[in-house]
Amino acid sequence: MNVLVINAGSSSLKYQLFDMETEKILAKGLCDRIGIDGHLKHKPTVSDKKVFDEAISLPTHAEAISIVIDKLTSDDYGVISCLSEINAVGHRAVHGGRKFFGSALINDEVIMILEDCIRLAPLHIPANLMGIRACQIAMPGVPQVAVFDTAFHHTIPEHAYIYPIPYKYYEENDIRRYGFHGSSHRYVSAIALEHLNNTTGDTKLITCHLGNGSSLAAVKNGKSIDTTMGVTPLEGVPMGTRCGSVDPSLVDIIAAIDDLSIKDTMDILNKKSGVLGIYGKSSDFRDIEIAAGYDMDTGFDDPDSSPDKRARLALDVFCYQVAKFIGSYIVALGGLDALIFTAGIGENSPYVRRAICDHLKGIGINIDEQVNAVRAGDFLDITAENSTSKVFVIPTNEELVIARDTMEIIFNRK
Ligand code: ADP
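Reminder that position 34 of the sequence shown reads as 33 in numbering that gives the first Met the number 0, one-by-one numbering, no gaps.
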C-alpha cells in the first residue's frame, strides 16, 4: 500500500510517497514557484533512480501534480510503475474550524465545510483546496483524506479557548483559539510517552514545535489542553517573521504611524516581524545564531566572532518568550513530566534549547550541556541528573502522521 502525502501552499506543493508496509519514504519533493515560473525538486530514495532538480513550467497546482506523477512513474526518476500503485492521498489541511475533530475522508460535504473555513484561514485553505482539486483531477477515484493541523487541539477546555471578547464572535463567527501544528504535537507527545514509561496514565508534557512557525502545547494524559497559537497561527511565541502575542492596539498604532491599511499592517505583523523584525537581516535561526556569535555545534559563544547586538536581542526575546509560556503551561498542567523540543530549531539548535532551559533552572529543569550538543537526528534525552523533569529532543514527522491517518480512515488500518 502506497500513500502520497501532499502539503499544498499558495505557490508550493510538497509531497512524500510512503510505502505503508515499511513506513519508508519512496520519494519526496517540492514543486516551487507554482503560477510564477516553476521549479521541481524530486528525490527518490531508491538507489538507482535519479534526482530531478530543475526549473520546469508549473502554471497551476493541477499541472504540478501531473508532473509529480510523471516523475514518480518514470523510468529514470520513478519509484512505482503506474498511477494505480498510489492507493490513497493524504492532505495536510491547515484549519478544520469547529467541525473537524479528527481526520476526514474527502467528499463534497468535507470540501463545503473547508470552503466555509476559508474565513478563518484565508491564506492557507484556498491553497489546500487547490491541492485537493488537483489530485482529484490527476487521480480520479483514488481516495483522499484531509488531516487537520487544528484537530489535536480539539480537547482544549473552554476556559483556554474562549477569547475575552464579546461572546457573539464565538457563537456566530466561530472565533476561538484553535491551535496549529497538531500532527507534530501529537506525534512527538506519543513518542515522549513511550519513553517516559509512566504506567499511572497521569502524564504532563509540554511540546515545543520551534520552526519557521513555532507553537507550544500543554499535553495532559496524551491530550492537548492548551496551545499558544490562536484563531490563526499569528498568536503565541515570536516566530521567524510573525510577531506572536503582542498588544492588539499595535495594529491601530502602526497603521497610524505609517499610514497603512489594516491588511498592510497585518502583513507587517505576519511577514516582517518576529526575529526578522528585531534582527533586521534574516528570519533564519542559523543566520541569526552565527551573527550573534554562537557556535552552531556547541551553542556556546564562538570566541572568534564579533557578535551583532540585534541578532543576540532577537534570540533573547524568542527564548525568553518560549520559557515564559513553558512556565505558564506548568501551571496549566499542575506539574511537568517532560519538556520536548522538536522541528527545525528545536531539533537542531543546542543554543536555543540551552537558552530556554537557562530560564527554567529556578523551577528545577536542568539539561546536560554535553548531551545537548550531540547532533543525534533521533530521540535524544538531554535531561541532567538533578532535573525535576525530563527534557527530550524528538524529531517530528508530520507527513508520517498524515500517511498513518489516511491508512486508518481508508483501510481501517492503524
Ligand atoms: P517550517 O516551519 O518551515 O517547517 P522548520 O521546522 O524546517 O520550518 O524550521 C526551520 C528553522 O529551523 C529555520 O529558522 C532554520 O534556521 C532552523 N534551523 C535548521 N537547522 C538549524 C540549526 N542547525 N541550528 C539552528 N537553527 C536551525
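Where is the CB? At the ideal position from N, CA and C, for every residue including glycine.
Residue i versus residue j - alpha carbon distance
| i | j | result |
| --- | --- | --- |
| L104 | Q320 | 38 Å |
| C81 | S65 | 13 Å |
| G140 | R374 | 44 Å |
| D380 | D367 | 9 Å |
| D74 | K49 | 9 Å |
| T264 | I253 | 7 Å |
| P163 | T206 | 25 Å |
| F442 | S182 | Here the chain covers residues 0 to 413 and nothing more, so residue 442 does not appear. |
| V146 | L399 | 11 Å |
| D257 | G243 | 21 Å |
| D113 | H94 | The question names Asp, but residue 113 in the sequence shown is Leu. If you take the alpha carbons of L113 and H94, they lie about 8 Å apart. |
| I117 | P306 | 43 Å |
| I267 | A255 | 13 Å |
| H438 | R285 | In this structure the chain extends from 0 to 413, so residue 438 is not present and cannot be described. |
| S281 | K308 | 14 Å |
| E84 | H90 | 18 Å |
| F99 | N411 | 19 Å |
| D225 | D303 | 42 Å |
| E108 | E407 | 20 Å |
| G200 | M111 | 39 Å |
| Q369 | R352 | 12 Å |
| Y76 | N347 | 30 Å |
| G376 | E171 | 46 Å |
Chain-order list of residues whose beta-carbon lies under 6 Å from that of residue i (same chain, five-residue window excluded)
| i | result |
| --- | --- |
| N365 | A383, N385, S386 |
| H358 | A322 |
| P232 | F179, G212 |
| G54 | The sequence given here places Ala at residue 54; Gly does not occur at that position. So the qualifying residues of the chain are H38. |
| Q135 | none |
| Y328 | I205, A217 |
| V390 | L338, I366, I381, T382 |
| A63 | L12, C30, I33, L57 |
| H208 | H180, S183, S214, T341, A342 |
Inter-residue CB distance, residue i and residue j (contact presumed, cutoff 8 Å)
| i | j | result |
| --- | --- | --- |
| N269 | R241 | 6 Å |
| G8 | A126 | 5 Å |
| A372 | D296 | 6 Å |
| T405 | Y186 | Not a contact, Cβ separation roughly 15 Å. |
| I289 | C318 | With 8 Å as the limit, I289 and C318 do not qualify as a contact, their Cβ atoms being about 16 Å apart. |
| G273 | G235 | No, G273 and G235 are not in contact; Cβ-Cβ is about 11 Å, not under 8 Å. |
| I401 | I339 | Between I339 and I401 the Cβ distance is about 20 Å, and since that is not below 8 Å, they are no contact. |
| V144 | S102 | 6 Å |
| F378 | H184 | Actually they are not in contact, since the Cβ atoms of F378 and H184 sit about 16 Å apart, beyond 8 Å. |
| F151 | S56 | So it is not a contact: roughly 38 Å between Cβ atoms. |
Whether residue i touches residue j by CB criterion (8 Å)
| i | j | result |
| --- | --- | --- |
| A92 | I409 | no |
| I277 | L249 | no |
| G298 | P247 | no |
| M0 | E22 | no |
| V428 | Y14 | Nothing in the structure corresponds to residue 428, since the chain is present only between 0 and 413. |
| S260 | L335 | no |
| V330 | P237 | no |
| Y177 | T149 | yes |
| I325 | L215 | yes |
| L122 | V230 | no |
| L29 | V45 | no |
| D173 | G96 | yes |
| Y169 | R175 | yes |
| K70 | F51 | yes |
| L332 | K219 | yes |
Paired residues, beta bridge with residue i - DSSP
| i | result |
| --- | --- |
| Y293 | D300 |
| Y14 | I5, G28 |
| T226 | A216 |
| V390 | L338 |
| G96 | DSSP output for G96 lists no bridge partner at all. |
| F51 | H41 |
| C207 | L215, F340 |
| H158 | Answer is none; H158 lacks a bridge partner. |
| K23 | D18 |
| I366 | T382 |
Close beta carbons around residue i, own chain, < 7 Å, minus the five adjacent residues each side
| i | result |
| --- | --- |
| H60 | A7, L12, I33, M129, G130, A133 |
| T72 | I79, S80, C81, L82 |
| G210 | A342, G343, I344 |
| H301 | First, the amino acid is wrong: residue 301 is Asp here, not His. The answer, listed in chain order, is G292, Y293, D294. |
| L192 | T202, G221 |
| K42 | A26, K27, G28, V50 |
| I68 | L82, A137 |
| P142 | A87, L104, I409 |
| I161 | Y169, R175 |
| P156 | I224 |
CB contact below 8 Å: residue i versus chain C
| i | result |
| --- | --- |
| E171 | Chain labels in this structure do not include chain C; a single protein chain is all it has. |
Contacts around residue i, its chain only, beta-carbon distance under 8 Å, and the 5 residues preceding and following it disregarded
| i | result |
| --- | --- |
| I487 | Absent from the structure is residue 487, since the part of the chain shown begins at 0 and ends at 413. |
(request) Considering only heavy atoms of ligand 3, list every residue whose Cβ is less than 5 Å from one of them, following chain order. (result) With respect to small molecules bound, the structure shown includes ligand 1 and not ligand 3.
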